[in-house]
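Colleague: Residue numbers for the sequence shown follow the working numbering, so the first one is -2 and each next one is one higher.
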Amino acid sequence: YGDLASYGHPFLQTPHLDKFAEQGVRMTDMHSAGTVCSPSRASILTGRNPYRIGFYNIAGTAGTTFPKDEITIAHLLKESGYDTAYFGKWHLSSLESDDEVSVNETGFDYSFATSRNAFDGPAPPKNPGKFVRNGEPVGQVEGWYVDIIVEEATRWVEGREDKETPFFMIVAAHEPHTPIAPPEKYSQLYDNERVDEMEKKIKYGGVPRPP
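So, in structure tokens, the structure goes:
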């Protein structure tokens, strides 16, 4: 959260997310349910302690995978009339396996996701080839991972038949998850002496917490 201007970052520019913060809800007293990716994701979807869902580590470790009978927030909102969709990194099961739960089986009408990271090794997430759309592999997609999932999510929102129906969607980029080589149009924004000097003394985040 400390990488967002709306949470106090002194030089990173996040105007669209800042607008979400102004017009929506800004969380200032949140706590992670797990120390790594998959348990945290499982808890966000279910509202349960990840240990109760069987998550002690990342998905795929010692057979860890999301149970097919687990109730998620997507299930509940779908029952209440919401359209539901998931975009981006999943990391709760293997989407390539018929034996493990698919994104759509967890309450999402539409999904465009990768089981884990979209790339092998240290390569940047550009032109990924591991996306699965509603259970079907789509092959290589040109572009940067985060741009691809945002564009897919935008098309889904704009293409819904009934625009008056409320919707719930998760857009999970993995760019913050591992060191990458970002597009130059973004990295050049911070290639200057001011940023170099600030990085020596920066204190990430600055959200006042309640007593």
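Glycine is no exception: its CB is placed at the ideal position from the N, C-alpha and C atoms.
1. Starting from E190 and walking both ways along the alpha helix (DSSP H), at which residues does that stretch end?
2. Tell whether a beta-carbon distance below 8 Å holds between L74 and F165.
3. Give me the Cα-Cα distance between S40 and P125, rounded to the nearest whole angstrom.
4. Report the option in L14, C34, E97, P7 whose CA atom is closest to the CA atom of N114.
5. For T81, list the residues DSSP reports as bridge partners.
6. My guess is that I70 and G44 are in contact by the Cβ rule of under 8 Å, so how many angstroms apart are they, rounded?
7. What do you get for S77, buried or exposed, if any count of 16 or more other CB atoms within 10 angstroms of its CB means buried?
8. Counting beta carbon pairs with one atom in the stretch 145 to 153 and one in the stretch 78 to 90, are three or more of them shorter than 8 Å?
9. Distance, Cα to Cα, D80 vs T162?
10. Given this structure, state the Cα-to-Cα distance separating Q20 from Y4, to the nearest angstrom.
11. Could you check the C-alpha separation between N189 and T62 for me, to the nearest Å?
12. If distances are taken between C-alpha atoms only, which option among V143, E139, G57 comes closest to E97?
13. Could you compute how far the alpha carbon of E158 sits from the alpha carbon of D106?
14. Fully enclosed by the stretch 32 to 113, which beta strand (DSSP E) runs are 3 residues long or longer?
15. Give the DSSP bridge partners of W153, in chain order.
16. What residue from I50, G(-1), L42 has the CA that sits closest to H72's CA?
17. State the Cα-Cα distance for the pair L14 and L1, rounded to the nearest angstrom.
18. On the DSSP bridge list, what partners appear for R130?
19. On the CB-based measure, 16 or more other CB atoms within 10 Å of its CB, does R38 come out buried or exposed?
20. For K123, which three-state DSSP category applies?
21. Would I199 and P7 qualify as a contact pair, given that the criterion is a beta-carbon distance under 8 Å?
22. Buried or exposed for H28, going by 16 or more other Cβ atoms inside 10 Å?
Modeller: Short version:
1. To locate residue 190, count along the sequence shown from 1; it is residue 193. Segment 190 to 195, the alpha helix (DSSP H) holding E190.
2. Along the sequence shown, read from residue 1 onward, the residue named residue 74 stands at position 77. Along the sequence shown, read from residue 1 onward, the residue named residue 165 stands at position 168. Cβ atoms of L74 and F165: closer than 8 Å.
3. As a position in the sequence shown, residue 40 is number 43, starting the count at 1. As a position in the sequence shown, residue 125 is number 128, starting the count at 1. Their Cα atoms are separated by approximately 27 Å.
4. Stepping through the sequence shown from its first residue, residue 114 is reached at position 117. That would be C34, whose Cα lies nearest to the Cα of N114.
5. Position 84 of the sequence shown, counted from the start, is the residue given in the question as residue 81. Beta-bridge pairing links T81 to F165.
6. Within the sequence shown, residue 70 is the residue found at index 73, counting from 1. Within the sequence shown, residue 44 is the residue found at index 47, counting from 1. Between G44 and I70 the Cβ distance is about 7 Å, and since that is below 8 Å, they are a contact.
7. What you label residue 77 is simply residue 80 of the sequence shown in a count that begins at 1. Counting Cβ neighbours within 10 Å, S77 comes out exposed, since fewer than 16 surround it.
8. Taking a cut-off of 8 Å for Cβ pairs, the stretch 78 to 90 and the stretch 145 to 153 touch, as three or more such pairs fall below it.
9. Position 83 of the sequence shown, counted from the start, is the residue given in the question as residue 80. Position 165 of the sequence shown, counted from the start, is the residue given in the question as residue 162. Using only the alpha carbons, I get a separation of about 7 Å.
10. Against the sequence shown, residue 20 aligns to sequence position 23. Against the sequence shown, residue 4 aligns to sequence position 7. Going by C-alpha positions, Q20 is about 14 Å away from Y4.
11. Here residue 189 corresponds to residue number 192 of the sequence shown, with the count starting at 1. Here residue 62 corresponds to residue number 65 of the sequence shown, with the count starting at 1. Whole-angstrom Cα-Cα distance: 44 Å.
12. Against the sequence shown, residue 97 aligns to sequence position 100. Ranking V143, E139, G57 by Cα distance to E97 puts G57 first.
13. For the purposes of this step, residue 158 is taken as the residue at position 161 of the sequence shown. For the purposes of this step, residue 106 is taken as the residue at position 109 of the sequence shown. If you take the alpha carbons of E158 and D106, they lie about 13 Å apart.
14. Fully enclosed beta strand (DSSP E) runs of 3 or longer: 80 to 86, 107 to 111.
15. Mapped onto the sequence shown, residue 153 falls at position 156. For W153, which the question treats as bridged, DSSP gives no partner whatsoever.
16. Position 75 of the sequence shown holds residue 72. That would be L42, whose Cα lies nearest to the Cα of H72.
17. Along the sequence shown, one-based indexing puts residue 14 at 17. Along the sequence shown, one-based indexing puts residue 1 at 4. L1 has its alpha-carbon roughly 8 Å from the corresponding atom of L14.
18. Taking the sequence shown and counting its residues from 1, the one referred to as residue 130 is at position 133. Answer by DSSP bridge pairing, in chain order: F109, E133.
19. On the sequence shown, residue 38 is found 41 positions in, with the first residue counted as 1. The residue is buried, with at least 16 neighbouring Cβ atoms inside 10 Å.
20. Taking the sequence shown and counting its residues from 1, one reaches residue 123 at position 126. Judged by DSSP in its simplified three-state form, K123 adopts strand.
21. Numbered from its first residue, the sequence shown carries residue 199 at position 202. Numbered from its first residue, the sequence shown carries residue 7 at position 10. In this structure, P7 lies closer than 8 Å to I199 by Cβ.
22. In the sequence shown, counting from the first residue as 1, residue 28 sits at position 31. Its Cβ having fewer than 16 others within 10 Å, H28 is exposed.
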